[in-house]
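Undergrad: Residue numbers (the numbering used here): 113 to 419.
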RNA sequence: GCACAGGUGACCGAGUGGUUAAUGGUAGCAGACUGUAAAUCUGCCGCUCUUCGGAGCUACGGAGGUUCGAAUCCUCCCCUGUGCA
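#1: Is it true that the region 173 to 187 meets the region 140 to 152, where meeting means three or more beta-carbon pairs spaced less than 8 angstroms apart?
#2: Exposed or buried, what is residue 285 when buried is set at 16 or more other beta-carbons lying within 10 Å of its beta-carbon?
#3: Buried or exposed: where does residue 413 fall if 16 or more other Cβ atoms within 10 Å of its Cβ makes it buried?
#4: Answer with buried or exposed for residue 375, where buried requires no fewer than 16 other C-beta atoms within 10 angstroms of its C-beta.
#5: Determine, using beta carbons only, whether residue 324 and residue 378 come nearer to each other than 9 angstroms.
#6: Quick check: residue 311 and residue 188, are their CB atoms within less than 9 angstroms of each other?
#7: Taking Cβ positions, are residue 132 and residue 307 nearer each other than 9 angstroms?
#8: Exposed or buried, what is residue 417 when buried is set at 16 or more other beta-carbons lying within 10 Å of its beta-carbon?
#9: Are there 16 or more other CB atoms within 10 angstroms of the CB of residue 237, so buried, or fewer, so exposed?
#10: If you run the structure through DSSP and keep just helix, strand and coil, what is residue 197?
#11: Check residue 153 in the structure and name its three-state DSSP category.
#12: Apart from the five residues on each side of it in sequence, which residues of its chain come closer than 7 angstroms, Cβ to Cβ, to residue 220?
#13: Hey, residue 283 and residue 235: beta-carbon distance below 9 angstroms or not?
#14: Determine the burial state of residue 217: buried for a count of at least 16 other Cβ atoms within 10 Å of its Cβ, exposed for fewer.
#15: Assuming contact is defined by CB atoms lying nearer than 9 angstroms, are residue 125 and residue 161 in contact in what I supplied?
#16: Is residue 275 helix, strand or coil when you go by DSSP?
#17: I'd like the ranges of any alpha helix (DSSP H) spanning at least 4 consecutive residues and lying wholly in the region 232 to 256.
#18: Any idea which residues DSSP pairs residue 173 with across the strands?
#19: Using DSSP's beta-bridge definition, name the partner residues of residue 397.
#20: Looking only at C-alpha atoms, which of 137, 155, 150 and 135 sits nearest to residue 343?
#21: Return the chain-ordered list of same chain residues with a C-beta closer than 8 angstroms to the C-beta of residue 383, the five sequence neighbours on each side being excluded.
#22: What's the gap between the Cα of residue 246 and the Cα of residue 274?
#23: Pull the bridge partners of residue 179 from the DSSP assignment, please.
#24: Do residue 361 and residue 391 have their C-beta atoms within less than 9 angstroms of each other?
#25: Alpha carbons only, please: which of 330, 226 and 210 is nearest the one belonging to residue 280?
#26: Would you mind sorting residue 408 into buried or exposed? The rule is 16 or more other CB atoms within 10 Å of its CB.
#27: According to the neighbour-count rule (16 or more other Cβ atoms, all chains shown, within 10 Å of its Cβ), is residue 352 buried or exposed?
#28: Looking only at DSSP bridge pairs, what is residue 207 linked to?
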């Protein structure tokens, strides 16, 4: 009972995390720490389903709109900022509630990342060029020499991960997997309660379809057009919804096709999120949507005991 | 009604006599994930068994036929698209 409580809510897109976190924050005097790799960027509004202005005045939100579209927020950045926010909230005597769907960021926050070098754009560019010239197996062979263990666990086709492993092993002059041995630095000082939302697959997919479509009628195309003009190289422009909106703007697909592709992308994403979250330890799972009053009551009840 | 084109596994789509349960792709399901993660990648994917080596059954619009052997060739029928009437 000595350590303060930290509530962590996760689940696939459109499972109702926002609604639930809002409800719990009001009920238990909490503040919300978003865990969303796209909502951190300003001006990305419609496609990210950020909580509304009104909702954000009702309950303080953190880690939303903290970066310019031209910035690049990494899992490490997120972890540091989120930990800082959580400690501040807790120091104020309020309940920190982490809510989001970005699995890696969540893990970076809770378990920490290994202390390795951060990105090196030049090295990455060089390695990517190698892949272009010689194919993915060439760089994978390279990794086999520098870090055989990593090479074994990373598939040769997974270029992104092969490159990161090489980047680490080269710049640190130590195999990445060896650096992993030194462990990570997990978040300490909190009793962490993990709440997982796992609505029925079919119902979730229907909800995703409806929501993705609504984003388009709410002006996603226009928002994407404006963003593309001002920040043509912005990273989050490649995220779900924006990507398809831009394809439509370029004349690569009709509006209908873009909507269908966005819906499909969100459905696939939700599935990937679930396979990530299923591995999470000590999760209290709930089968309904977060916006569902019955589910909210059940979660509220199980939380009330702990507070 | 005539003339072409075509009907392939949930869908799209290759295959034009034999190592073909049938290349690909998509969807679906399962999985991986340590600083791009709304990313990137992997496996399974007709049915039934299996000592996990395999075994059996059913499949390329339908019915017959040719052949040792057909999704592939022939005949008839049904359906779809396009053109001409």
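From the three backbone atoms N, C-alpha and C, an ideal C-beta is built for every residue, glycine too.
TA: Reading off the structure:
#1: yes
#2: exposed
#3: exposed
#4: buried
#5: yes
#6: no
#7: yes
#8: exposed
#9: exposed
#10: helix
#11: strand
#12: 187, 188, 190 and 191
#13: yes
#14: buried
#15: yes
#16: helix
#17: 233 to 246
#18: 144
#19: 308
#20: 155
#21: 124
#22: 14 angstroms
#23: 153
#24: no
#25: 226
#26: buried
#27: buried
#28: 142
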